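Participant: Protein chains in written order, with my numbering: chain A, 9 to 287; chain B, 7 to 165. No residue lacks a Cβ here, since even glycine has one placed at the ideal position from N, Cα and C. Everything numeric in this text was worked out from a predicted model, so none of it was measured. I have a structure I would like to understand better, so I am pasting it below and will then ask my questions one at a time.
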């Protein structure tokens, strides 16, 4: 299934690259017609495959195309007419056009692409409107994404009502990764002239604790992905702490050697811990 | 029920894309067009491919006008012919009357953007761009511009 989705994603990327080559020997109508045919075929194939219980990979690839192709269509039309709208308008139009798709199709692939479009919408909203609620755009973005991650994980629980545990797992994982990354990256704007008292220590500790909570929740609720992901992010946080604290004190050779050793120990220890927890 | 809803969404998506295409095609085919002098630079867009980034003669307010006292707000530029090309006659905050063609842009100091600063070209054709470029633009009734074609030495470019 995973390989099928990766294969489908590669096909979509290939299609985007073919379109970006802008072959003018092919008439516009033929290009648009081809794309619309593909959109119709993918949606119909997805619904039929789902109804007739064909192999899930066929359903997922079809819905993956059905969710991504409206964006390809919009960029194709902007290429035809040299339109230069804002990124926000482009992604917003795409997002609206696929708004209900994952909830009607119950396709995990569709849900992931939908979530990515939502995430991109937030990014363009912050950058187009130059939101600076917290010092600057970068920090504002970090905090909004941190909240977005928590909301994603929390809202994903409602997939349980529809009996869709794969989407719930993806929502939890994407939410955990987003919040951890956002907190981790907050304060990376090193050009900010305001001195702040070791803010990173507090935030990285929060990332560690958040993932500790995820491991615990994964253990209690029997959700393997939370245990695996939580331990992996904790490992990254520990190595990051070490590099940041010891980085300026050791020579480059010693730093690499000690960080590598720490990483190997961590991988071994976390792997053992994961097996124990999931037993 | 679910399948029907999915088909309705598909129909809406198709209608939206075809409608968008038809709308811009209609403007391109029916709106009156104007030539404006411009000069190029050449970046690339990940999704839509190579494009020429254009800077128009009318992108900068002529010296005789005062700098605009607001940022990223709509301005209306009235055009007047100067030989085969069109240039700035007047600038204002409201659409001008009198039947002269005008463009709606976003003003920022002396700089004005019109949303027609990109021209998509086939892959690799954006490397040797001539300097004497003229843009043929179509103008919608509200003053919104749509870039139709580029010309160099009287011939369409790229060939």
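Can you tell me where the alpha helix (DSSP H) holding residue 219/A begins and where it ends?
Facilitator: Here the alpha helix (DSSP H) through residue 219/A covers 207 to 229.
Participant: Return the residues of the region 12 to 32 of chain A that lie within a Cβ-Cβ distance of less than 8 Å from chain B, sorted by chain order.
Facilitator: Taking 8 Å as the Cβ-Cβ cut-off against chain B, the residues of the region 12 to 32 of chain A that qualify are 24, 27, 28, 29, 30, 31 and 32.
Participant: Secondary structure at residue 256/A, three-state DSSP: helix, strand or coil?
Facilitator: Note: residue 256/A maps to coil in three-state DSSP.
Participant: Kindly identify the DSSP beta-bridge partner or partners of residue 19/B.
Facilitator: Bridge partners of residue 19/B: none, in fact.
Participant: Assuming residue 147/A and residue 164/A make a contact with CB atoms under 8 Å, what is their CB distance in whole Å?
Facilitator: With 8 Å as the limit, residue 147/A and residue 164/A do not qualify as a contact, their Cβ atoms being about 26 Å apart.
Participant: For residue 125/A versus residue 102/A, is the C-beta spacing smaller than 7 Å?
Facilitator: The answer is yes: Cβ separation under 7 Å.
Participant: So, under 8 Å CB-CB, residue 20/A and residue 73/A are touching, yes? Tell me the CB distance rounded to an integer number of Å.
Facilitator: Going by Cβ atoms, the distance from residue 20/A to residue 73/A rounds to 7 Å, so yes, they are a contact pair.
Participant: If you reduce the DSSP assignment to three classes, tell me which class residue 150/B lands in.
Facilitator: If DSSP states are grouped into helix, strand and coil, residue 150/B belongs with coil.
Participant: Taking the alpha-carbon positions, what's the residue 43/A to residue 133/B distance?
Facilitator: C-alpha separation (whole angstroms): 28 Å.
Participant: Using the rule of at least 16 other Cβ atoms within 10 Å of the residue's Cβ for burial, across every protein chain shown, is residue 162/A buried or exposed?
Facilitator: With fewer than 16 Cβ atoms within 10 Å of its Cβ, residue 162/A is classed as exposed.
Participant: Give me the Cβ distance between residue 180/A and residue 230/A, rounded to the nearest whole Å; I'm assuming they're in contact under 8 Å.
Facilitator: Not confirmed; about 13 Å, so no contact.
Participant: Indicate whether residue 122/B and residue 111/B have their beta-carbon atoms separated by less than 7 Å.
Facilitator: Cβ distance not < 7 Å, so residue 122/B and residue 111/B don't count as in contact.
Participant: Pick out whichever of 17/A, 45/A and 185/A has its Cα sitting closest to the Cα of residue 216/A.
Facilitator: Of 17/A, 45/A and 185/A, the residue nearest in Cα terms is 185/A.
Participant: Looking at the structure shown, is residue 76/A part of a helix, part of a strand, or coil, going by DSSP?
Facilitator: It is helical.
Participant: DSSP three-state label for residue 104/B, please.
Facilitator: Coil.
Participant: Counting only beta-carbon atoms, is residue 142/B nearer than 7 Å to chain A?
Facilitator: For residue 142/B, the answer is no, since every Cβ of chain A falls outside 7 Å of its Cβ.
Participant: Between residue 144/A and chain B, is any beta-carbon pair separated by less than 7 Å?
Facilitator: Not an interface residue.
Participant: Can you tell which of 158/A, 133/A, 141/A and 114/A has its C-alpha closest to the C-alpha of residue 168/A?
Facilitator: That would be 114/A, whose Cα lies nearest to the Cα of residue 168/A.
Participant: Starting from the N-terminal side, write out each stretch of the beta strand (DSSP E) that is 3 residues or longer and does not extend beyond the region 24 to 79 of chain B.
Facilitator: Correct list: 39 to 47 and 55 to 62.
Participant: Using a Cβ cut-off of 7 Å (strictly closer), state whether residue 90/A contacts chain B.
Facilitator: Yes, its Cβ sits closer than 7 Å to a Cβ of chain B.
Participant: Determine the chain B residues that contact residue 169/A at a beta-carbon separation under 7 Å, and present them in chain order.
Facilitator: Simply none; closest approach about 16 Å.
Participant: Strictly below 7 Å CB to CB, what residues from chain A border residue 124/B?
Facilitator: Residues of chain A passing the Cβ test: 90 and 92.
Participant: Can you name the residues of chain A whose CB is closer than 7 Å to the CB of residue 8/B?
Facilitator: In chain order: 112.
Participant: Find the residues of chain B that neighbour residue 47/A, judging by a C-beta separation of less than 9 Å, and give them in chain order.
Facilitator: Here the neighbours are 16, 19, 20 and 23.
Participant: Assign residue 163/B to one of two classes, buried (16 or more other C-beta atoms within 10 Å of its C-beta) or exposed (fewer than that).
Facilitator: By the neighbour-count rule (16 or more Cβ atoms within 10 Å), residue 163/B is buried.
Participant: Indicate whether residue 243/A and residue 278/A have their beta-carbon atoms separated by less than 7 Å.
Facilitator: In this structure, residue 278/A lies closer than 7 Å to residue 243/A by Cβ.
Participant: Taking 7 Å as the CB-CB cut-off, is residue 134/A touching chain B?
Facilitator: So, not an interface residue.
Participant: For residue 85/A and chain B, any beta-carbon pair shorter than 7 Å?
Facilitator: Interface residue, yes.
Participant: Enumerate in chain order the residues of its own chain whose CB-to-CB distance from residue 155/B is below 7 Å, with the five nearest sequence positions on each side excluded.
Facilitator: Excluding residues within five positions, the ones whose Cβ falls inside 7 Å are 142 and 162.
Participant: Are the C-beta of residue 32/B and some C-beta of chain A separated by less than 7 Å?
Facilitator: For residue 32/B, the answer is no, since every Cβ of chain A falls outside 7 Å of its Cβ.
Participant: Since I believe residue 116/B is in contact with residue 73/B (beta carbons under 8 Å), could you give me their beta-carbon distance rounded to a whole number of angstroms?
Facilitator: So it is a contact: roughly 5 Å between Cβ atoms.
Participant: Pick helix, strand or coil for residue 128/B, following the three-state DSSP scheme.
Facilitator: The answer is coil: DSSP assigns residue 128/B none of H, G, I, E or B.
Participant: Take residue 239/A and list the residues in its own chain whose beta-carbon comes closer than 7 Å to its own, dropping the five residues that flank it on each side.
Facilitator: Answer for residue 239/A: 223, 278, 281 and 282, listed in chain order.
Participant: With a 10 Å radius around its C-beta and 16 neighbouring C-beta atoms as the bar for buried, classify residue 80/A as buried or exposed.
Facilitator: With 16 or more other Cβ atoms within 10 Å, it is buried.
Participant: At a CB-CB cut-off below 7 Å, which residues of chain B make contact with residue 81/A?
Facilitator: Per Cβ cutoff of 7 Å: 23.
Participant: Given a threshold of 16 other Cβ atoms within 10 Å of its Cβ, counted over all protein chains shown, does residue 152/B qualify as buried or as exposed?
Facilitator: Answer is buried; the Cβ neighbour count reaches 16.
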